[in-house]
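In the UniProt record's numbering, the protein residues as written are 3 to 407.
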Amino acid sequence: FLKTKIVILGAGYGGLMTTVRLQKKIRTDEVEIVLINKNNYHYETTWLHEAAAGTLRDDQVTYPVKSVIDVKKVAFIQASVTKIATAEKKVMTNIGEVSYDYLVIALGGESETFGIKGLKEYAFSITSVDAAKRIREHIESQFSTYQNEALKKEERLTIIVGGAGFTGIEFLGELVNRIPKLCKTYEIDQNKVKIYCVEAAKAVLPGFDPELVEYAVAYLEKRGVEFKIGTPIKGADPEGILVGIGEEETQEIKAGTVIWAAGIRGSSVIEESGFEANRCRVKVDPDLRAPGHENIFIIGDCSLIINEEINRPYPPTAQIALQQADVVTNNLLALLRQETNLTAFKPDIKGTVCSLGERDAIGIVFGKKLKGKPASVMKKVIDNRALFSIGGTSTVLKKGKFNIL
Ligand code: FAD
Ligand code: NAD
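What follows is the structure, given as structure tokens:
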């Protein structure tokens with residue numbers, strides 16, 4: 003008697019939530035659950051900008067996968083997925099192959115550089131704990147080198163953030179809190195530090211509530227951020243970036259650090275595995291299965307869901323990934339019961355809150371505008387709620403954000 007094997011790829015919001023939901027609902031003698039993740043820890047992707055700026059330590063944004071899974075029910079494999087051979091129902095990893103009956107792909111996102119020259123080589127992106135660490139250490143090393151060099155290279159103290167989307171703005175919010183501390187440590191005059199936010203669109207946080215955007219811009223400008231809007235980044239090199247000025251001209255901005263926060267795509271594993279996709283995001287069926295694949299679900303940043311009201315894709319968020327995990331769990335259970343009627347996924351968007359450092363934020367929650375302290379408290383509630391929904395009370399107590407004064 004062969005057990006049915008469910009394999010889940012990725013222990014982020016979508017994958018780990020699916021795993022903990024399944025382990026509660028499934029009897030192990032019928033089904034084998036396997037979770038594959040690159041690291042032996044889960045990280046809070048939505049907190050990575052804090053690790054990147056150095057306002058949170060790595061261990062504050064991570065917890066061990068095994069602290070939330072039931073190892074009697076779930077086999078955890080630490081490995082990097084390289085490809086899915088759908089015809090053979092096999093997952094290829096850096097340490098070997100794993101076969102599956104049902105597959106849940108939740109491998110998250112990667113940086114999208116739109117083919118802009120030099121970005122992959124010379125810009126950083128906030129995409130993982132390791133990537134966040136590289137950013138934090140790079141900035142610190144620029145400050146340390148500046149302090150110690152005889153002939154001072156002023157550009158070392160220039161930081162460019164490409165993109166004024168939520169990632170760019172949240173990172174800037176952390177950075178403006180971090181810079182005064184770095185300046186103190188390395189005895190650097192803070193006036194020498196330059197922070198630019200370069201945004202191609204005509205506005206910061208394009209499409210978001212203008213009054214709240216104005217609040218965020220004023221907050222960040224007051225703390226030294228210079229916005230260059232309507233200014234697309236056209237290239238990067240070891241000295242800095244090239245930006246477009248008007249139709250034809252370009253201009254160079256020299257910088258010691260360039261952070262590219264101007265786009266994400268799904269996992270490259272999607273493309274490698276031959277799924278029909280747009281920037282590695284698969285337009286999934288309403289029941290979250292990949293078109294043409296009855297046994298493969300795709301959720302989170304690797305999936306694409308259309309908002310029928312405006313006929314445009316929903317922005318990929320943790321909020322959606324967590325909600326999709328619930329639907330996938332129910333649909334897997336239905337398939338195991340041989341049912342054919344699966345549940346359609348409908349996002350229930352409760353709002354968006356964008357932090358501005360630890361103590362300020364802007365947001366719209368249940369249609370209500372928030373800014374300042376109430377928004378910041380709400381953001382921490384949302385962060386703690388995500389911890390709770392996967393890891394329960396003990397994870398919230400260990401990793402939660404309680405500093406609300
Ligand atoms: P993730 O949660 O990113 O998890 C993917 C997992 O897969 C990771 O554990 C990774 O290590 C693993 N993995 C990746 N590749 C492989 C591989 N090849 N082999 C094995 N394992 C692999 N959304 C919100 O709703 N609210 C927010 O406030 C918010 N803030 C954000 C702040 C930042 C700085 C960023 C970058 C994003 C933010 N988002 C936010 C978006 C949100 O984080 C993503 O939409 C969400 O994480 C997607 O969930 P996921 O399960 O698809 O992927
Ligand atoms: P994004 O795609 O939302 O924003 C990217 C920004 O970069 C846009 O404003 C775009 O106009 C700009 N841009 C694109 N090309 C450019 C260029 N060549 N030069 C300069 N600017 C350029 O990406 P993101 O901010 O990383 O967000 C990714 C996803 O994560 C989104 O779905 C977002 O909603 C979600 N997110 C949510 C939160 C939150 O809810 N607090 C925080 C971070 C991210």
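By construction, the Cβ of each residue, glycine as well, lies at the ideal position given by its N, Cα and C atoms.
Please find out if some non-hydrogen atom of the ligand FAD comes closer than 7 angstroms to the beta-carbon of residue i.
i	result
Ser-113	no
Ala-336	no
Ala-323	yes
Pro-318	yes
Asp-303	yes
Ala-292	no
So what's residue i in DSSP terms, helix, strand or just coil?
i	result
Glu-157	helix
Ile-298	strand
Ile-128	coil
Gly-164	strand
Thr-84	strand
Cys-185	helix
Gly-246	strand
Asn-309	strand
Lys-370	strand
Cys-304	helix
Phe-229	strand
Phe-145	helix
Val-330	helix
Lys-119	strand
residue 2	Nothing can be reported for residue 2, as the shown portion of the chain is limited to 3 through 407.
Pro-212	helix
Leu-389	helix
I believe residue i touches residue j by the beta-carbon criterion, under 8 angstroms. Please report the beta-carbon distance rounded to the nearest angstrom.
i	j	result
Ile-161	Ile-141	7 angstroms
Thr-331	Arg-23	4 angstroms
Ser-275	Lys-85	5 angstroms
Gly-111	Asp-303	4 angstroms
Ile-63	Val-131	The amino acid at residue 63 is misidentified as Ile; the sequence shows Val. At roughly 7 angstroms, the Cβ-Cβ gap stays under 8 angstroms, so Val-63 and Val-131 are in contact.
Val-195	Gly-226	7 angstroms
Gly-175	Ala-264	Not confirmed; about 17 angstroms, so no contact.
What is the rounded straight-line gap between the Cα of residue i and the Cα of residue j?
i	j	result
Asp-289	Leu-337	11 angstroms
Met-19	Gln-144	39 angstroms
residue 471	Lys-373	Outside the shown range of the chain, which is 3 to 407, sits residue 471, and nothing can be said about it.
Thr-187	Glu-52	19 angstroms
Lys-91	Tyr-102	6 angstroms
Thr-129	Leu-109	12 angstroms
Val-36	Ile-300	16 angstroms
Gly-117	Val-355	30 angstroms
Lys-224	Ile-171	14 angstroms
Arg-180	Ala-54	10 angstroms
Ser-65	His-44	The sequence shown places Tyr at residue 65, rather than the Ser named in the question. Those two C-alpha atoms are separated by around 6 angstroms.
Ser-357	Ala-320	15 angstroms
Ala-205	Gly-232	7 angstroms
Gly-402	Gly-56	17 angstroms
Taking 7 angstroms as the cut-off, does the CB of residue i come closer than this to any heavy atom belonging to the ligand NAD?
i	result
Gly-197	Note that residue 197 is Ile in the sequence shown, not Gly. Incorrect: Ile-197 has no Cβ contact closer than 7 angstroms to the ligand NAD.
Glu-172	yes
Glu-123	no
Ile-28	no
Val-200	yes
Ala-166	yes
Ala-388	no
Gly-374	no
Ala-55	no
Cys-282	no
Val-379	no
Ala-203	yes
When we look at the beta-carbon of residue i and count the other beta-carbons within 10 Å, is it buried (16 or more) or exposed?
i	result
Ser-127	buried
Glu-201	buried
Lys-375	exposed
Val-73	exposed
Gln-340	exposed
Ala-87	exposed
Arg-29	exposed
Ile-312	exposed
Phe-173	buried
Asn-96	exposed
Gly-98	exposed
Thr-115	buried
Thr-342	exposed
Any heavy atom of the ligand SAH closer than 7 angstroms to the CB of residue i?
i	result
Ile-392	Only the ligand FAD and the ligand NAD can be found as ligands here, which leaves the ligand SAH out of the picture.
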